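Colleague: Below are the structure tokens for one structure; questions will follow.
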Amino acid sequence: AEIQNRVRQDINTAKLIYNYQLEKISSLLKLSAERSDLRDAIQSNKFHKLENLKMLIRRVPIAQTSGDYQFLDMLSVVDTGGNVLYRAANPGLRGYNMLWDPVVRKCIETKAPQVSTELLSTEKIIRDNPSLLERVAIDIVKTPKSFEQKEKWLSEGMVMRAAYPIIDENSRLLGVLVGGVLLSKDCSIVDKVKETIYGDEKYKGREMGVATIFQGGVRISTNVMTNDNKRAIGTTLSKEVYKQVFQEGRDWVGRAFVVNDWYITAYTPIYNLERKVVGILYTGLLEEKYNDIKWKTIFISLGITTLGMIIAFIISYRMGSRNTIITRTRIRILKEAAEAISSGNLDCKLSPDKISGFDMLDEAFNYMAKSLKDRGERLQKIREQLARSEKLTAVGEMAAGVAHEINNPLGGILLYSNLVLEDIPENSPARENMQKIIYQTNRCKSIVQNLLDFARAPTDDMVPLQINNVIKTSLNLVKDQSMFHDIEIETEFTEDLPDVVGNQSRLEEVFLNLFINAADAMKESGGKLTIITELSDLNSAKIIISDTGKGIDKKHLPHIFEPFFTTKEPGQGTGLGLSIAYGTIREHNGFIDADSTPGKGASFIITLPLDTARYDQSGMIGGAYCN
4 AEIQNRVRQD INTAKLIYNY QLEKISSLLK LSAERSDLRD AIQSNKFHKL ENLKMLIRRV
64 PIAQTSGDYQ FLDMLSVVDT GGNVLYRAAN PGLRGYNMLW DPVVRKCIET KAPQVSTELL
124 STEKIIRDNP SLLERVAIDI VKTPKSFEQK EKWLSEGMVM RAAYPIIDEN SRLLGVLVGG
184 VLLSKDCSIV DKVKETIYGD EKYKGREMGV ATIFQGGVRI STNVMTNDNK RAIGTTLSKE
244 VYKQVFQEGR DWVGRAFVVN DWYITAYTPI YNLERKVVGI LYTGLLEEKY NDIKWKTIFI
304 SLGITTLGMI IAFIISYRMG SRNTIITRTR IRILKEAAEA ISSGNLDCKL SPDKISGFDM
364 LDEAFNYMAK SLKDRGERLQ KIREQLARSE KLTAVGEMAA GVAHEINNPL GGILLYSNLV
424 LEDIPENSPA RENMQKIIYQ TNRCKSIVQN LLDFARAPTD DMVPLQINNV IKTSLNLVKD
484 QSMFHDIEIE TEFTEDLPDV VGNQSRLEEV FLNLFINAAD AMKESGGKLT IITELSDLNS
544 AKIIISDTGK GIDKKHLPHI FEPFFTTKEP GQGTGLGLSI AYGTIREHNG FIDADSTPGK
604 GASFIITLPL DTARYDQSGM IGGAYCN
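Just so we're aligned: 25 in our numbering is position 22 of the sequence shown, and the numbers increase by one with no gaps anywhere.
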């Protein structure tokens, strides 16, 4: 049940990412449809002025495309009768009517934007963009346990489609701007889903989590790999899942065979504008890992039970009939304790009985119970960390999407405000009001940039760093500021600490944020800031930053890394500082946590993995458990 709950969360996150990309396409069309030069070109019938729309057509190879669509595969301008006036990806071909497209038809009828996922014939796709022929032509591969498929290749392509009305100054419809992205052999969305949900997690050299987009029951975009390490494009869906999800339109959550192995899966239908199922969105977890854990647990339990029975038999045989009653009593106690453990009571313990001779068995049983309890507590902590990471990831994705949409109008406000300011006389009372508008707009843009920093992809500028030097550089930037005058700063750096791999400026931002937060917590009566670096047992560098300020309330601790969460007074903080710090440490494959006792201060503990490429051979990394 727990695994199924996780895959349900995974498919919900995948749907968020998929729908965000649909809205992104609509936003691209909106920016172009509202330009005055587009309206002028239609009204004057000077369609050569539409050539700047070519800039929105994707030119780079699919493999180099990011998960966020900034360009389109097809883009056309049609009039109010649905006749094509201009094709950005095929400007030499004009004519043809597009009222067959429900997205275009509904946009004309309602004068409102429309987005959908639609199936287009190969002929219509290459009419809009001839270069898409190679991508839309997909051979169907016969797959074990799949549904029966008579066709040998796909005759249609699945397209993320959007249309936006072109309106003149008098609110009259001039036409429609319609565009889309062909999903066939475009793996940017499924790779974005995999990166967001599963990261680089692998098991026995295989990807732990995968994602797929189906056209009907055929994989057209996937990171599921075949046995020869190629993307399983063209392979087909298992017949049970096809029947429930595609034919009946119901979600599937459970075990399913995927290409060449079993996965714990979630499938959800993709609908077109007319609410017909045209495709399927899928996420899955490799089942083998969970099977191995299950069987390992079973074998350990059987081994412990068998060993206990053998020991019990030997003891009872040696003690003979005189001690039969005592032996039976101890065996019964052992049996009851084992049943208590199996029912989940890991606090069950036996009192060693030296008289009966069972004291060694009692101690072994207690040790086993303690080990199981410790392992369960560690597993629960890991689950909580994963849940928080998944939550922050999803929030970060949505926050970045909102930030992108806000950034454009803010830029326009700032530009025109500065232009107006230049025309206002120096002694005019309106000048001060306009300066306030510019100041507040810049403040909004700063908040938007912080949102983007929180959710942005990891930088490639990663180099070996001496973490002590990074902390010293950050500390030198703030220690002489007035807010640190009443604060005692103590450093305990471990010498010869191995390098970590990271981006210096990003890590400096994290430490500066933590130092300033600590100073702010001690601003009323001063205090002590302590910075410790040491080598962790987990082949990583540990940094502990502690203060003696007012501390953090226990009820706030689980939320301090969430975007916009702050305990400061309104206007004193955006609530993004610790969120950005969390995102930066996550980019570096590290971990950050906080501990606090209200009234006594707070500590932030950061762990960063060491530069294994430089230290593996020396035995400093990876050798701690080789004895």
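Ideal Cβ placement from N, Cα and C applies to all residues, glycine included. Note that the structure is a prediction, hence the values are computed from the model and not measured.
Can you check whether the CB of Ile-555 is closer than 8 angstroms to the CB of Gly-529?
Modeller: For the purposes of this step, residue 529 is taken as the residue at position 526 of the sequence shown. For the purposes of this step, residue 555 is taken as the residue at position 552 of the sequence shown. No, they are not a contact pair.
Colleague: Out of Val-481, Leu-56, Thr-497 and Gly-282, which has the shortest C-alpha to C-alpha gap to Asn-516?
Modeller: One-based indexing of the sequence shown puts residue 516 at position 513. It is Val-481 whose Cα lies nearest to the Cα of Asn-516.
Colleague: For Thr-497, I'd like the list of residues in its chain whose CB is within less than 7 angstroms of its CB, leaving aside the five on either flank, ordered along the chain.
Modeller: Here residue 497 corresponds to residue number 494 of the sequence shown, with the count starting at 1. Counting only Cβ-Cβ distances below 7 angstroms, and skipping sequence neighbours, we find Thr-536, Glu-537 and Leu-538.
Colleague: Check Ala-115 in the structure and name its three-state DSSP category.
Modeller: By 1-based counting over the sequence shown, the position of residue 115 is 112. Correct three-state label for Ala-115: coil.
Colleague: Could you check if Met-58 is buried or exposed, using at least 16 other CB atoms within 10 Å of its CB as the buried criterion?
Modeller: The sequence position of residue 58 within the sequence shown is 55, counting from 1. Looking at its Cβ environment, which holds fewer than 16 other Cβ atoms inside 10 Å, Met-58 is exposed.
Colleague: Is Met-161 helix, strand or coil by DSSP?
Modeller: The residue you call residue 161 lines up with position 158 of the sequence shown. Strand, per DSSP.
Colleague: Kindly list the residues whose CB is nearer than 6 angstroms to the CB of Ile-441, restricted to its own chain and excluding five residues on each side of it in sequence; keep chain order.
Modeller: Taking the sequence shown and counting its residues from 1, one reaches residue 441 at position 438. Cβ neighbours of Ile-441 beyond the five flanking positions: Ser-420.
Colleague: For Gln-12 versus Leu-177, is the C-beta spacing smaller than 8 angstroms?
Modeller: Taking the sequence shown and counting its residues from 1, the one referred to as residue 12 is at position 9. Taking the sequence shown and counting its residues from 1, the one referred to as residue 177 is at position 174. Not in contact: Gln-12 and Leu-177 (Cβ atoms no closer than 8 angstroms).
Colleague: To the nearest angstrom, how far is the alpha carbon of Ile-283 from that of Glu-290?
Modeller: To locate residue 283, count along the sequence shown from 1; it is residue 280. To locate residue 290, count along the sequence shown from 1; it is residue 287. When rounded, the distance between both Cα atoms is 21 angstroms.
Colleague: Hey, Val-107 and Val-179 are a contact pair by Cβ (cut 8 angstroms); roughly how many whole angstroms apart?
Modeller: Locating residue 107 in the sequence shown gives position 104, counting from the first residue. Locating residue 179 in the sequence shown gives position 176, counting from the first residue. About 6 angstroms; that satisfies the 8 angstroms criterion.
Colleague: One question on the structure: do Lys-545 and Thr-444 come within less than 8 angstroms of each other, judged by their Cβ atoms?
Modeller: Here residue 545 refers to the residue found at position 542 when the sequence shown is read from its first residue. Here residue 444 refers to the residue found at position 441 when the sequence shown is read from its first residue. For Lys-545 and Thr-444, no; Cβs fall outside 8 angstroms.
Colleague: Just checking, does the stretch 307 to 317 make contact with the stretch 238 to 254 on the three C-beta pairs under 8 angstroms criterion?
Modeller: These segments do not touch.
Colleague: Starting from the C-beta of Ile-563, find all residues in its chain whose C-beta is less than 7 angstroms away, skip the five residues before and the five after it, and write them out in chain order.
Modeller: Mapped onto the sequence shown, residue 563 falls at position 560. Taken in chain order, the residues that qualify are Ile-555, Leu-581 and Ala-597.
Colleague: By DSSP, does Ile-563 sit in helix, in strand, or in coil?
Modeller: Position 560 of the sequence shown holds residue 563. In the structure shown, Ile-563 sits in coil (DSSP, three-state: anything other than H, G, I, E or B).
Colleague: Take the Cβ of Asn-48 as the centre, count every other Cβ of all protein chains shown within 10 Å, and call the residue buried at 16 or more, exposed below.
Modeller: Your numbering for residue 48 matches position 45 in the sequence shown. Exposed, because fewer than 16 other Cβ atoms sit within 10 Å of the Cβ of Asn-48.
Colleague: Tell me which residues share the same chain as Leu-102 and place their Cβ nearer than 6 angstroms to its Cβ, disregarding the 5 neighbours each side in the sequence.
Modeller: Locating residue 102 in the sequence shown gives position 99, where the first residue counts as 1. Closer than 6 angstroms at Cβ, skipping near neighbours: Gly-85 and Arg-108.
Colleague: So, helix, strand or coil for Glu-342, using DSSP?
Modeller: Here residue 342 refers to the residue found at position 339 when the sequence shown is read from its first residue. Here Glu-342 sits in helix by DSSP.
Colleague: For the beta strand (DSSP E) that Lys-545 lies in, which residues bound it at each end?
Modeller: Locating residue 545 in the sequence shown gives position 542, counting from the first residue. Unbroken beta strand (DSSP E) run through Lys-545: 543 to 550.
Colleague: Taking contact to mean 3 or more Cβ pairs, one atom from each stretch, closer than 8 angstroms, check whether the stretch 183 to 190 and the stretch 211 to 229 are in contact.
Modeller: Short answer: they touch.
Colleague: Mark Asn-542 as exposed unless 16 or more other C-beta atoms lie within 10 angstroms of its C-beta, in which case mark it buried.
Modeller: The residue labelled residue 542 in the question sits at position 539 within the sequence shown. Buried, because 16 or more other Cβ atoms sit within 10 Å of the Cβ of Asn-542.
Colleague: Which word fits Lys-205, buried or exposed, when buried means at least 16 other C-beta atoms lie within 10 angstroms of its C-beta?
Modeller: Position 202 of the sequence shown, counted from the first residue, corresponds to residue 205. It is exposed - the Cβ of Lys-205 has fewer than 16 other Cβ atoms within 10 Å.
Colleague: Can you name, in chain order, every residue of its own chain whose Cβ lies under 8 angstroms from the Cβ of Val-281, other than the five neighbours on each side?
Modeller: One-based indexing of the sequence shown puts residue 281 at position 278. Closer than 8 angstroms at Cβ, skipping near neighbours: Thr-120, Glu-121, Leu-122, Met-161, Gln-218, Gly-219, Ile-273, Tyr-274 and Asn-275.
Colleague: Note the first and the last residue of the continuous alpha helix (DSSP H) segment covering Asp-264.
Modeller: As a first step, residue 264 is located in the sequence shown; it is residue number 261 there, counting from the start. Taken as a continuous stretch (DSSP letters only), Asp-264 belongs to no alpha helix (DSSP H), being part of the beta strand (DSSP E) at 264 to 274.
Colleague: Can we say the stretch 129 to 138 touches the stretch 32 to 46, given the rule of at least three CB pairs closer than 8 angstroms?
Modeller: Output reads no: the stretch 32 to 46 does not touch the stretch 129 to 138.
Colleague: Grab the span of the beta strand (DSSP E) containing Gly-287 for me, first residue to last.
Modeller: Your numbering for residue 287 matches position 284 in the sequence shown. Element bounds for Gly-287: 280 to 289.
Colleague: Does Glu-493 come out as helix, strand or coil in the three-state DSSP assignment?
Modeller: Residue 493 sits at position 490 when you count from the first residue of the sequence shown. Glu-493 falls in the strand class under three-state DSSP.
Colleague: Between Lys-195, Gly-182 and Lys-292, which lies nearest to Gly-208 when the distance is taken from Cα to Cα?
Modeller: Locating residue 208 in the sequence shown gives position 205, where the first residue counts as 1. Per the Cα distances, Lys-292.
Colleague: Taking Pro-133 as the reference, give the member of Phe-150, Val-87 and Ala-92 with the closest Cα.
Modeller: Position 130 of the sequence shown, counting from 1, holds the residue named residue 133. Measuring from the Cα of Pro-133, the nearest candidate turns out to be Ala-92.
Colleague: Is the distance from the Cβ of Ala-214 to the Cβ of Val-10 below 8 angstroms?
Modeller: Counting from one through the sequence shown, the residue named residue 214 turns up at place 211. Counting from one through the sequence shown, the residue named residue 10 turns up at place 7. Result no, Cβ atoms of Ala-214 and Val-10 do not sit closer than 8 angstroms.
Colleague: Should Phe-302 be labelled buried (16 or more other beta-carbon atoms within 10 Å of its own) or exposed?
Modeller: On the sequence shown, position 299 is the one that residue 302 refers to. Phe-302 should be labelled exposed.
Colleague: Who are the Cβ neighbours of Asn-369 in its own chain at under 7 angstroms, not counting the five residues just before and after it?
Modeller: Within the sequence shown, numbered from 1, the residue matching residue 369 stands at position 366. Here the set comprises Lys-352 and Leu-353.
Colleague: For Val-248, which residues of its own chain have a beta-carbon under 6 angstroms away from its beta-carbon, when the five flanking residues on both sides are left out?
Modeller: Position 245 of the sequence shown holds residue 248. Counting only Cβ-Cβ distances below 6 angstroms, and skipping sequence neighbours, we find Trp-255, Tyr-270, Pro-272 and Ile-283.
Colleague: Quick check on this structure: which residue in Thr-551, Leu-310, Glu-151 and Ile-416 has the alpha carbon closest to the alpha carbon of Gly-602?
Modeller: As a first step, residue 602 is located in the sequence shown; it is residue number 599 there, counting from the start. With distances taken between Cα atoms, Gly-602 lies closest to Thr-551.
Colleague: Roughly how many angstroms separate the alpha carbons of Val-423 and Asn-436, rounded to a whole number?
Modeller: Here residue 423 corresponds to residue number 420 of the sequence shown, with the count starting at 1. Here residue 436 corresponds to residue number 433 of the sequence shown, with the count starting at 1. Between Val-423 and Asn-436, the C-alpha separation is close to 11 angstroms.
Colleague: Taking the alpha-carbon positions, what's the Ala-341 to Met-525 distance?
Modeller: Here residue 341 refers to the residue found at position 338 of the sequence shown. Here residue 525 refers to the residue found at position 522 of the sequence shown. Rounded to the nearest angstrom, the two C-alpha atoms are 53 angstroms apart.
Colleague: Whole alpha helix (DSSP H) runs in the stretch 171 to 257 with 4 or more residues, listed along the chain?
Modeller: As far as the stretch 171 to 257 is concerned, its whole alpha helix (DSSP H) runs of at least 4 residues are 191 to 200.
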